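Colleague:
2 protein chains.
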Amino acid sequence: MSPAKRANRRVTLQDVADRVGITAAACSMALRDSDRISPTTKEQVRAVAAELGYVGSSAARALRRQRAGAVALIVPTTSKHVFGHSYFMHVLSGVTSVANDHDTQVLIATNADEARGLTAYERVMRSHSADGAILTSAAIEDETVDRLLASGLPLVLIGNFPQLAAAITVSVDDRTASREATEHLIVVHGRRRLLHLTGPLDHQTGVDRRDGFHDAVAAHGLEEEAVSLEGDFSEEAGRQLVEGRADTFDGIVAANDDMAFGALTALRERGRDVPGEVALIGFDDFGLSRVTTPAISTVAVPAEEMAAVATERLLELIDGRAAGWTRRRMDVTFRFRASCGCDQKL
Amino acid sequence: MSPAKRANRRVTLQDVADRVGITAAACSMALRDSDRISPTTKEQVRAVAAELGYVGSSAARALRRQRAGAVALIVPTTSKHVFGHSYFMHVLSGVTSVANDHDTQVLIATNADEARGLTAYERVMRSHSADGAILTSAAIEDETVDRLLASGLPLVLIGNFPQLAAAITVSVDDRTASREATEHLIVVHGRRRLLHLTGPLDHQTGVDRRDGFHDAVAAHGLEEEAVSLEGDFSEEAGRQLVEGRADTFDGIVAANDDMAFGALTALRERGRDVPGEVALIGFDDFGLSRVTTPAISTVAVPAEEMAAVATERLLELIDGRAAGWTRRRMDVTFRFRASCGCDQKL
DNA sequence: TGGATAGGATTAATCGATGAAGCGGATGCG
DNA sequence: CGCATCCGCTTCATCGATTAATCCTATCCA
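Here the protein sequences line up with chains W and F, keeping their order.
Position 213, counted from 1, in the first sequence is what the UniProt record's numbering calls 213; the numbers after and before it change by one each time, with no gaps.
Position 91, counted from 1, in the second sequence is what the UniProt record's numbering calls 91; the numbers after and before it change by one each time, with no gaps.
Written out as structure tokens, the structure is:
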């Protein structure tokens, strides 16, 4: 253990300076590799800093530079039940990996408590605990998003927000993807009586995926027999919505995999064969759909990459490089597995 | 929008003070509800603060108070592949909910890059970006844990660390749980030829679960036919370890659910019936095991509660309330489902 | 030899909040 | 009536790093 650690007092820049025999200011410049400091001195400062285990105070730097060196990942409480764990984990993974590469901290902000009328994440932003934020899975009508946007703080949204013209977003084309998934059931598997289990319709994702479904049924003249029922992305909702009408449809398009799994359970309980009697396709591919039996066909959303791209852009914004793309679309990948009848293994 | 927002300049305590006609210091005291300030003034200050949307600078406060108001959740990179997403998510969930209740930020620290010989999370701690940390899934020989511990910074570990006498830990009794799970296959389902798929043996969890397995087979005189093979908690390892010997055993105890699922896949490919020919039990119950077919019997680890408890304790430590428990044991819950033959539904 | 120049450091101010110590005026008490 | 007391606020120093402005001292050239 170094003396500094034993003393258990934080090593400050002044300590390093004293040891080298120069000013704290000079040390600061030396460590930032300023050309106003002689190479010899720089070397000494670096050596002493390493020896003492000097690590600058983030608070002091943040205060002086007016820059926290951190980004926040915002999670609206409302999405706690709505969006699953795995989605968030993928996002977190993408954010941290990029942030790490840029010496930036990641902090998690939720609005669990709305003390003093400010959501926790507004507080995070206003207190400058973070220099910017990634916001995901927000409801369409969430006015805190507007406030955040209006406050001018760097913000990148993951998802589609057509009503927010000024927002910088990273998204997938839910509508087109959902249409294609539906058409797959129609064209490849010959299904005619289709059911769609929607996500929550106060989320754009829910709306878009539903619209895509209707686009497909309309294009193939199947409106008569098509039905869409509102769910909330939960497995339970998927199960309940299908329970009473397991025999009515020969194809189900779920707005996400959890609901697809719920539907699968309900169908199984009713003795309906999947994919024989009912073809099923989900959305997301965040983990669940691959491991069920039958494995659920789905539309893979590149959550981690979206988060990484969003974070890159956010760091640009924070650095004042505002110019750049505003709306970025990522590609989805179709994974046709057993539940629609494509993968016949097992 | 308030003027402050339009001006897009941060609202400082001084601004509030000017508006009220008093000193910033008085404002500070007023907002912290000091009894040295008159009720009238307090009221005014609060009103103005709300009006201007004042939120204190976290950096300034942190600098002055020598307290960041944040805790770090540390994730060793080495565990990236080892521990799954879902486990971490449960932990994060537990940490954030408690931290939120205490007005504390949560930041995620990984050691993705070891710039300048310091892991990223050592840097986080030394820079006082966080006042303390929760560390989970560390390897037995991870010397950064020792350094962190030696540095005297508040730290709570999740998991068993028998070699670290000074550490404060929250854990489950992996060995006993694993023994009981194994005995379940022996006693309830009459299995005699048992295989254990271990976790990585440089993690205490891997060792303990393996030892529990051996305790059970020894207690029932089944050592002759029992085998344990080293895995790494991955589905792929589970599959590979079972692939060559699917016919050799009638009971498999996997150190976690991912490996159990891998084993299940391998058995299925070989046409071995689960649970008929081979009874299978996993460990963790972080999501996967419930949704497979057959559903995998498992030992549920209360990850979220452990994280919550650890965070509560951490906040105590940070507040200087060092006295309290040092090693906390949480209970596991057995979930006997279809893969061991208990739950006959489908 | 003297004045200009540049390299290499120092001084001092600043970021925003906070807490100890100080201070003026009104009240209390003997 | 005069001194002590206390309320309510102000003053000032401080937390640690950073940066603009300044200053000192060789060195160089006319």
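Backbone N, C-alpha and C fix where the C-beta goes; we use that ideal spot for every residue, glycine too.
Quick caveat: nothing in here was measured; it's all calculated off a predicted structure.
Given a threshold of 16 other Cβ atoms within 10 Å of its Cβ, counted over all protein chains shown, does W:PRO294 qualify as buried or as exposed?
Modeller: Translated into the one-based positions of the first sequence, residue 294 of chain W becomes position 294. So W:PRO294 ends up on the buried side.
Colleague: For a cutoff of 8 Å on Cβ pairs, would you count W:GLY262 as touching chain F?
Modeller: The residue you call residue 262 of chain W lines up with position 262 of the first sequence. The beta carbon of W:GLY262 does not come within 8 Å of any beta carbon belonging to chain F, so the residue lies off that interface.
Colleague: Closer than 7 Å by beta-carbon distance: list the chain F residues that pair up with W:PHE88, in chain order.
Modeller: Residue numbering aside, residue 88 of chain W sits at position 88 when the first sequence is read from its first letter. Result: MET89.
Colleague: Helix, strand or coil: which one does DSSP assign to F:SER129?
Modeller: Here residue 129 of chain F is taken as the residue at index 129 of the second sequence, counted from 1. In this structure, F:SER129 counts as coil in the three-state DSSP scheme.
Colleague: Would you say F:GLY53 faces chain W, with C-beta separation under 8 Å as the test?
Modeller: Walking along the second sequence from the start, residue 53 of chain F turns up at place 53. Chain W, which has a Cβ nearer than 8 Å to the Cβ of F:GLY53, makes this yes.
Colleague: Mind the definition here: the segment 231-241 of chain F touches the segment 163-177 of chain F only if three or more C-beta pairs lie below 8 Å; say whether that holds.
Modeller: no
Colleague: How should W:THR198 be labelled, buried or exposed, when 16 other C-beta atoms within 10 angstroms of its C-beta is the threshold for buried?
Modeller: Taking the first sequence and counting its residues from 1, one reaches residue 198 of chain W at position 198. W:THR198 comes out buried.
Colleague: Is there contact here, the segment 333-345 of chain F with the segment 181-201 of chain F, by at least three beta-carbon pairs under 8 Å?
Modeller: yes
Colleague: Got a sec? Which residues, its chain only, sit under 6 Å from F:ASP331 by beta carbon, not counting five neighbours each side?
Modeller: As a working note, residue 331 of chain F is residue 331 in the second sequence. Answer for F:ASP331: no residue qualifies.
Colleague: Per DSSP, what are the beta-bridge partners of W:ILE252 in this structure?
Modeller: Against the first sequence, residue 252 of chain W aligns to sequence position 252. Answer is W:LEU195 and W:LEU280.
Colleague: What is the residue span of the alpha helix (DSSP H) that F:ARG329 lies within?
Modeller: If you number the second sequence from 1, residue 329 of chain F lands on position 329. Looking at the DSSP string, F:ARG329 is not in any alpha helix (DSSP H); the run it does join, the beta strand (DSSP E), is 327-330.
Colleague: Can you grab the Cα-Cα spacing for the pair W:LEU315 / F:ASP103, in whole Å?
Modeller: Residue mapping note: residue 315 of chain W aligns to position 315 of the first sequence, counting from 1. Residue mapping note: residue 103 of chain F aligns to position 103 of the second sequence, counting from 1. The straight-line gap from Cα to Cα measures roughly 26 Å.
Colleague: List the DSSP bridge partners of W:ARG213.
Modeller: Against the first sequence, residue 213 of chain W aligns to sequence position 213. It is worth fixing the name first, because residue 213 of chain W is Phe in this sequence and not Arg. DSSP output for W:PHE213 lists no bridge partner at all.
Colleague: Taking 8 Å as the cut-off, does the segment 239-249 of chain F touch the segment 214-223 of chain F (at least 3 CB pairs, one atom from each stretch)?
Modeller: Taking a contact to require three or more Cβ pairs closer than 8 Å, the segment 214-223 of chain F and the segment 239-249 of chain F do not qualify as touching.
Colleague: Starting from F:ALA308, find everything on chain W with Cβ-Cβ shorter than 8 Å and list it in chain order.
Modeller: As a working note, residue 308 of chain F is residue 308 in the second sequence. Under the 8 Å cutoff, chain W gives no residues; its nearest Cβ is about 13 Å from F:ALA308.
Colleague: Ordered along the chain, which non-local residues of its own chain (more than five positions away) have a Cβ less than 6 Å from that of F:HIS81?
Modeller: Residue 81 of chain F sits at position 81 when you count from the first residue of the second sequence. In this prediction, F:HIS81 has a pLDDT of 48, which is less than 50 and means its spatial position is unreliable; what the coordinates show is noted afterwards. Counting only residues of its own chain and dropping the five nearest sequence neighbours on each side, F:HIS81 has no CB closer than 6 Å to any other CB.
Colleague: How is the beta strand (DSSP E) around W:SER228 delimited, first residue to last?
Modeller: By 1-based counting over the first sequence, the position of residue 228 of chain W is 228. Its beta strand (DSSP E) spans residues 227-230.
Colleague: With W:ALA146 and W:ILE318 assumed to form a contact (beta carbons below 8 Å), what rounded beta-carbon distance in angstroms separates them?
Modeller: Working through the first sequence from its first residue, we reach residue 146 of chain W at position 146. Working through the first sequence from its first residue, we reach residue 318 of chain W at position 318. Looking at the sequence shown, residue 146 of chain W is not Ala but Asp. The pair is not a contact, with the Cβ atoms about 21 Å apart (cut-off 8 Å).
Colleague: How about F:GLU225 and F:ARG179: are their beta carbons less than 8 Å apart?
Modeller: Here residue 225 of chain F refers to the residue found at position 225 of the second sequence. Here residue 179 of chain F refers to the residue found at position 179 of the second sequence. In this structure, F:ARG179 does not lie closer than 8 Å to F:GLU225 by Cβ.
Colleague: Taking 8 Å as the threshold (C-beta atoms), are F:ARG209 and F:ALA255 in contact?
Modeller: Within the second sequence, the letter at position 255 stands for residue 255 of chain F. Within the second sequence, the letter at position 209 stands for residue 209 of chain F. Closer than 8 Å, so yes.
Colleague: Which residues in chain F have a C-beta closer than 8 Å to the C-beta of W:LEU107? List them in chain order.
Modeller: Within the first sequence, residue 107 of chain W is the residue found at index 107, counting from 1. Neighbours of W:LEU107 on chain F, chain order: ALA70, GLN105, VAL106, LEU107 and ILE108.
Colleague: Closest Cβ-Cβ distance between W:LYS5 and chain F: below 8 Å?
Modeller: On the first sequence, residue 5 of chain W is found 5 positions in, with the first residue counted as 1. Residue confidence is low: W:LYS5 scores 36 on pLDDT, short of 50, so the model does not pin down where it sits. Its coordinate-derived value is still stated next. At least one chain F Cβ lies under 8 Å of W:LYS5.
Colleague: Any beta-carbon of chain W closer than 8 Å to the one on F:ARG10?
Modeller: On the second sequence, residue 10 of chain F is found 10 positions in, with the first residue counted as 1. It does: the Cβ of F:ARG10 has a partner Cβ on chain W nearer than 8 Å.
Colleague: Under 8 Å: do the segment 274-287 of chain F and the segment 60-73 of chain F share three or more Cβ pairs, one atom per stretch?
Modeller: As far as the Cβ criterion goes, the segment 274-287 of chain F does not touch the segment 60-73 of chain F, which means the pair count is below three.
Colleague: Which of the three DSSP states, helix, strand or coil, is assigned to W:SER339?
Modeller: Taking the first sequence and counting its residues from 1, one reaches residue 339 of chain W at position 339. Helix.
Colleague: Give a yes or no on whether 8 Å exceeds the smallest Cβ distance from F:VAL45 to chain W.
Modeller: For the purposes of this step, residue 45 of chain F is taken as the residue at position 45 of the second sequence. It does not; no Cβ of chain W falls within 8 Å.
Colleague: Is it right to say W:ASP174 is buried, meaning 16 or more other beta carbons lie within 10 angstroms of its own, or is it exposed?
Modeller: For the purposes of this step, residue 174 of chain W is taken as the residue at position 174 of the first sequence. Result: buried.
Colleague: My understanding is that F:LEU73 touches F:VAL11, with C-beta atoms under 8 Å, so please give their C-beta distance in whole angstroms.
Modeller: Counting from one through the second sequence, the residue named residue 73 of chain F turns up at place 73. Counting from one through the second sequence, the residue named residue 11 of chain F turns up at place 11. Not quite, the Cβ-Cβ distance comes to about 31 Å (not below 8 Å), so this is no contact.
Colleague: Can you tell me the Cα-Cα spacing of F:ARG46 and F:ALA30, whole angstroms?
Modeller: Numbered from 1 along the second sequence, position 46 holds the residue referred to as residue 46 of chain F. Numbered from 1 along the second sequence, position 30 holds the residue referred to as residue 30 of chain F. Roughly 8 Å separates the two Cα atoms.
Colleague: Rank W:SER137, W:GLY94, W:GLY152 and W:ALA219 by C-alpha distance to the C-alpha of W:ALA322 and give the top, closest one.
Modeller: Within the first sequence, numbered from 1, the residue matching residue 322 of chain W stands at position 322. Minimum Cα distance to W:ALA322 is reached at W:GLY152.
Colleague: Consider the Cβ of W:LEU157: report whether some Cβ of chain F lies at a distance smaller than 8 Å.
Modeller: Indexing the first sequence from 1 puts residue 157 of chain W at position 157. Not an interface residue.
Colleague: If you draw a straight line from the C-alpha of W:PHE83 to the C-alpha of W:THR311, how long is it?
Modeller: Along the first sequence, one-based indexing puts residue 83 of chain W at 83. Along the first sequence, one-based indexing puts residue 311 of chain W at 311. At W:PHE83 the pLDDT is 47, less than 50, meaning the model places this residue with poor confidence; the figure from the coordinates comes in the next sentence. The C-alpha of W:THR311 is placed about 20 Å away from the C-alpha of W:PHE83.
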